[in-house]
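The sequence shown begins at 22 in the numbering used here and counts up one residue at a time. Note that the Cβ used here is the ideal one computed from N, Cα and C, for glycine as well. Here's the structure we're looking at; comments come further down.
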Amino acid sequence: MITPYTIAIPQADVDDLKERLARVRWTNELPGVGTDYGVPLEPIKRLVKYWLEDYDWQIWEAKLNSYPQFTTTIDGQNIYFL
């Protein structure tokens, strides 16, 4: 069965995410490893700063909700699709 879906993230969830991101305790990068062990720290710090200061979830939620969206179950897995 295919079911229509609308994104509706409560503001409390967005606020909670921002509070948790603001409390991140950054670790030190291992010297000289580059991307051998994952993404370097600086791009992640920039991403967190963007989410905290510039990203507007409500704008993107409205943009996504301007398209028909649906959910269904395939082999026991819930699937979301546009």
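**Straight-line Cα distance separating M22 from I100** = 11 Å
**Request:** Look at the alpha carbon of I65 and the alpha carbon of Y76, and state the distance between them as a whole number of angstroms.
**Result:** 15 Å
**Asked** I think T93 touches T24, with their Cβ atoms under 8 Å apart; what is that distance to the nearest whole Å?
**Response** 7 Å
**Prompt:** Can A43 and L73 be called in contact, C-beta distance under 8 Å?
**Reply:** yes
**Message:** Measuring alpha carbon to alpha carbon, tell me which residue in W78, F102, G97, N86 is nearest A33.
**Reply:** W78
**Prompt:** Between N86 and chain B, is there a C-beta pair that is closer than 8 Å?
**Reply:** Of the protein chains in this structure there is only one, and it is not chain B.
**Assigned secondary structure, P52 (DSSP; H/G/I helix, E/B strand, else coil)** = coil
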